[in-house]
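Notes to accompany the following structure.
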Amino acid sequence: MKPFGNTEVNKRYTVVIGCGRLGANLANALSDEDGNVLIIDKNKDAFRKLSPSYGGLTVVGDATDLGVLQEAQINKADVVVAATNNDNANIMVAQIARELFQIDRVIARLYDPERECVYREFEIDTICPAILSAKEIDKILAKTDLSTANSQEGEA
Amino acid sequence: MKTRVLLIGGRNKAKSLASSLINKGYHVTVINDTYEDCMKLAEVEKLTVINGDGTRPFVLEDANAGDADIAIALTSKDEDNLVVCELCKKKFHVKKTVALLTDPKKTDFFYKMGIDSVVCAISAITGIIEQQTFMDKIATLVPIGEGRVSIAEVPIPGTAPAVGKKLWEINLPKQVVIGCILRGDMTMVPRGDTRILAGDMLVLISSDKQEMAAIQELTGR
């Protein structure tokens, strides 16, 4: 398999695992930014979430299978993002990418931040939607608090 | 103090392993995420059963994973077993972790991740089936050192080409020795000039999967 006929060596090659809302959005965005993207999902129908303008590749298969990862040429990836809906699968895929394929940048989505300790020593970056959302909500609240405080001051 | 063993996942495997370990005097706790399975497991006497997802740190904490000496992950999902063992190792400092593995290709990876013992069900089962099907001449075969060395019990029928020969006359593969001959009530450690007789039971020690070749040489099958 020769995914990229044109030899633009400098383009960043990103492998996204799991074509859910996060994976698909990320793949669309990276593809729009003119990067090389490949997205893997067990279920062929999941690729419907990709935009019609998506210019990357898709692979149907279980990304915890080493054969599937090899088919995706993961060894050539600059970045691997594990974004399936299963925390443990993300942990395993991220560790495989890191330890067996020596990928420098590995990012994993983790619903449950308690399991983060498993990642730490492998230098795998994690994002936790719950924590991010909480921070964001906090920010919004701080802003609205400020504005209501301001408006009350104005009234006074 | 009793050795404490923690089993995570697995219904029938966990149940039979738990009963066997309890009989041997271990203190056993199982974690299982389905309530029905827990009810079945609870039928085993002296077994502590915890209903919950063993890949979650707080469930392991409820099961006192910190006090466990051995953790054995038996779920049907490789990724769950990996996470269970890593959590046990890193967060709870369990001395020995054992993981069941479905995909034989990941055996090395699991060891690399620091799991102490990886049991690949598929290769173990296919190995046993192969033995049972093609080596019905072998009474028992015991793998040692992750299957690199095996001890086999080989009965010698009257038709075997080795009958009447001295050991040094038999062209055995280099990695195989005949450790012992059981003849009637007698057991003997053979020398080069010991003759093999019909009805002998040979105990073979072999490495590098040479037992098949040796058995063929001895019994003609």
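Residue numbers (the UniProt record's numbering), protein chains in the order written: chain A, 1 to 156; chain D, 1 to 221. Even glycine gets a Cβ: it sits at the ideal position worked out from N, Cα and C. Owing to the predicted nature of the structure, the values given are computational and were not obtained by experimental measurement.
- For residue 155 of chain D, the enclosing beta strand (DSSP E) starts and ends at 149 to 155.
- With distances taken between CA atoms, residue 80 of chain A lies nearest to A:27 out of A:27, A:132, A:143.
- Note that the C-beta distance between residue 178 of chain D and residue 197 of chain D is not below 8 Å.
- Distances from the CA of residue 63 of chain A to each of A:117, A:106, A:94, A:13 were compared; the closest alpha carbon is that of A:94.
- With a minimum length of 4 residues, the unbroken runs of alpha helix (DSSP H) contained wholly in the UniProt domain "RCK N-terminal" (11 to 131) of chain A fall at 21 to 32, 66 to 71, 87 to 99, 117 to 120.
- If you compare the alpha carbons of D:211, D:3, D:171, D:96 with that of residue 130 of chain D, the shortest gap goes to D:211.
- Put simply, the CB of residue 16 of chain A is far from chain D, with every gap to its CB atoms at 8 Å or more.
- The three-state secondary structure of residue 66 of chain D, taken from DSSP, is helix.
- The CB of residue 70 of chain A never comes closer than 7 Å to any CB in chain D; the least such distance is about 10 Å.
- Its Cα nearest to that of residue 122 of chain A, the residue A:103 stands out among A:103, A:71, A:16.
- Contact between residue 49 of chain D and residue 38 of chain D is confirmed by a C-beta separation of about 5 Å, below the 8 Å threshold.
- Going by C-alpha positions, residue 85 of chain D is about 13 Å away from residue 53 of chain D.
- Taken through DSSP and simplified to helix, strand or coil, residue 44 of chain D comes out as coil.
- The C-beta of residue 33 of chain A comes no closer than 8 Å to any C-beta of chain D.
- The region 116 to 134 of chain A makes no contact with the region 103 to 112 of chain D: fewer than 3 CB pairs, one atom from each, lie closer than 8 Å.
- Against chain D, a Cβ distance below 8 Å from residue 114 of chain A picks out 56, 57, 58.
- According to DSSP, residue 206 of chain D shares a beta bridge with D:150, D:176.
- Only residues of its own chain outside the window of five on either side were considered, and among them none has a CB closer than 8 Å to the CB of residue 141 of chain A.
- With respect to chain A, the C-beta atom of residue 109 of chain D has a partner C-beta closer than 8 Å.
- Membership of residue 31 of chain D in any alpha helix (DSSP H) is not indicated; the residue belongs instead to the beta strand (DSSP E) covering 27 to 32.
- DSSP places residue 98 of chain D within a strand segment (E or B) once states are collapsed to three.
- In the three-state DSSP reduction, residue 106 of chain D falls in the helix class (H, G or I).
- By the Cβ rule, the region 61 to 71 of chain D does not count as touching the region 14 to 29 of chain A, because fewer than three pairs are nearer than 8 Å.
- Non-local beta-carbon contacts of residue 60 of chain A in its own chain, meaning distances under 6 Å to residues more than five positions away in sequence, involve 44 in chain order.
- For residue 40 of chain A, the closest Cβ of chain D is not nearer than 8 Å.
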